[in-house]
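Residue numbers (my numbering), protein chains in the order written: chain A, 1 to 230; chain B, 1001 to 1230.
Heads up, the thing below is written out as structure tokens.
Protein chains: 2
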Amino acid sequence: MIAIWPLPGMPEIRPGDDLAEAILAGCRRAGLEAADGDIFVITHKVVSKAEGRTARILTDADYRALVADEAVDIIRRRGDLVITRTRHGFICANAAVDRSNTPDGTAVLLPIDPDRSAHRLRLGLERATGKKLGALITDTFGRAWRRGQTDVAIGISGVVAVLDLRGSTDHEGRELTATEVAVADELAGAADLVMGKAARIPVALVRGADLLGNGRVADLVRDPSDDLFL
Amino acid sequence: MIAIWPLPGMPEIRPGDDLAEAILAGCRRAGLEAADGDIFVITHKVVSKAEGRTARILTDADYRALVADEAVDIIRRRGDLVITRTRHGFICANAAVDRSNTPDGTAVLLPIDPDRSAHRLRLGLERATGKKLGALITDTFGRAWRRGQTDVAIGISGVVAVLDLRGSTDHEGRELTATEVAVADELAGAADLVMGKAARIPVALVRGADLLGNGRVADLVRDPSDDLFL
């Protein structure tokens, strides 16, 4: 059984804040104690705020300039919508520059190195608890072909990214066709189910997934030369 | 808190089998009793088998012919890989014709009308339990830009498909940017986390999501004229 708890009551995060401490305070408020194998899922916005990855924007032109700055490539453009590739290789709208849920006049950017951010967070959580944990940082991306956004992993530490079942056979001895499961993205979306709606809770705790490992977010980024939809 | 249980020990499903009965037997084996708000997530393969949506294939040419038959459009082709649009509007590899985990010489097709299949299943489950339930039918699809497959909803009954937060504002009064959350896909992926790996458990029970509603899978299908990646 997998259990997913929201950790409500997180304070507004400011540059330099200790996220691990804030998360563990959230656990205590929720009556939860970290256990070996637990995976903490956190929306990138609080990570970026703690790391000072925000920018002043006063006008729509400022916003567009910031998007252009954060993007390494424009993939598609239609009206105000710009589909971009970020430095990390993510394909997403507006280079993931976010001006909702931010103090007025600022925008939140993605962490420079989200795996490193996740690693730092995981070490902080492990040191404070003495448990073996995983950390995922997430963002909300649109998809091709399907309506609606889902949360996906943008930073990973101590968690499997893609579960490789190649070589596994089914009970008839035939090789499985769906052989690489993007479990980090499935975890991110699962956690969003308790974070989501109007409440905007930025952290969730996932227990029982049995997915500690050594994934990196690059494992989830398809090589552009291998991509039929760029 | 959301809890997700796998329902192991499902028998091999044959045409005409009562899926609701098989699922509730799985609940009893797992020591679970359905409660109002529970969502049952089931991989399409068992639904298709119960509905006789399988086909004989002896050769690779048979398989290719079947894929051509199930597809209404070829979106991309590279070597053996064919990205197709199905009658339902799904963009996926090989028109979702599946020959893993099937008796040798057969392939499993998608249900003709997966929402209707989900509806029938949900009514069966509700009649037997007296509870208000939801049912999702899933398949495993690849994505553009990101490696690995995730499970997504292909049939929906009694569950929200896309949670529309347009008009919601954040705590600064600014309208939320990520305003349409594909919760049915996030539920499908979450359920895969307990079904997945080699075990291939076809049914999961999700409790606590608070997502009963009136979604249809068409809500998740982006209109091709609105799609930048076709």
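A virtual CB, placed ideally from N, CA and C, is assigned to each residue, including glycine.
Owing to the predicted nature of the structure, the values given are computational and were not obtained by experimental measurement.
Taking all protein chains shown into account, E186(A) has 16 or more neighbouring C-beta atoms within 10 Å of its C-beta and is therefore buried. By the rule that beta-carbons nearer than 7 Å mark a contact, F1229(B) touches chain A.
Within the same chain, Cβ atoms closer than 8 Å to the Cβ of L58(A) are found at G105, the five residues on either side in sequence being excluded.
When DSSP assignments are scanned along the segment 1098 to 1144 of chain B, the uninterrupted stretches of beta strand (DSSP E) that are 3 or more residues long and fall wholly within it turn out to be 1106 to 1108 and 1134 to 1141. Counting C-beta atoms within 10 angstroms of its own C-beta, E21(A) has fewer than 16 neighbours from the protein chains shown and is therefore classed as exposed.
Chain order gives the chain A residues near T1150(B) as A182, D185 and E186, where near means a beta carbon separation below 7 Å. Sequence-distant partners of I1002(B) (beyond 5 residues in either direction) whose C-beta falls short of 8 Å from its own C-beta, in its chain, are A1190, V1206, R1207, G1208 and A1209.
When Cβ pairs closer than 8 Å are counted between the two stretches, the segment 1006 to 1015 of chain B is seen not to touch the segment 1066 to 1082 of chain B, the count staying below three. Taking L163(A) as the centre and dropping the five residues before and after it, the same chain places the C-beta of V181 and V183 closer than 6 Å to its C-beta, in chain order.
Look at E1051(B) here: in three-state DSSP terms it is coil, with no helix or strand label. In the structure shown, E180(A) falls within a strand segment according to DSSP collapsed to helix, strand and coil. Secondary structure of A95(A) (DSSP, three-state): helix. Looking at L1081(B), G1155(B) and V1203(B), the one whose alpha-carbon comes closest to that of D1219(B) is G1155(B). Per the C-alpha coordinates, the member of I39(A), A30(A) and A25(A) positioned closest to I137(A) is I39(A). In the structure shown, A25(A) falls within a helical segment according to DSSP collapsed to helix, strand and coil. Take L81(A), set aside five residues on each side of it, and the residues of its chain with a beta-carbon closer than 7 Å to its own are A93, in chain order. D1098(B) is a Cβ neighbour of V1108(B), given a cutoff of 7 Å.
Within the model, the alpha-carbon separation for T1043(B) versus D62(A) is close to 47 Å. About 7 Å separates the beta carbon of R85(A) from that of A71(A), a gap short enough to meet the 8 Å contact definition. Using a 10 angstroms sphere on the CB of D139(A), the tally of other CB atoms reaches 16 or more, which defines it as buried. Contact note: A96(A) does not reach chain B at a C-beta cutoff of 8 Å; the least C-beta distance is about 10 Å. Chain-ordered listing is empty here: chain B has no CB closer than 8 Å to the CB of G9(A), the nearest sitting near 14 Å. Interface criterion not met: the Cβ of R1216(B) is under 7 Å from no Cβ in chain A. Taking C-beta atoms as the reference points, L133(A) and R120(A) fail to come closer than 7 Å. Residues of the segment 1003 to 1036 of chain B that bring their beta carbon within less than 7 Å of a beta carbon in chain A comprise A1003, I1004 and W1005, in sequence order. Taken in chain order, the unbroken stretches of beta strand (DSSP E) that lie wholly in the segment 1183 to 1218 of chain B and span 3 residues or more are 1203 to 1207.
Among the residues facing chain B, L193(A) is included, as its CB has a counterpart in that chain under 7 Å away. Within 10 angstroms of the beta-carbon of K131(A) lie fewer than 16 other beta-carbons, which makes it exposed. F1229(B) is a Cβ neighbour of A144(A), given a cutoff of 7 Å. Straight across, the Cα-Cα distance linking G1142(B) with R216(A) is about 19 Å. What R143(A) touches in chain B, judged by beta-carbon distance under 7 Å, is R1143, going in chain order.
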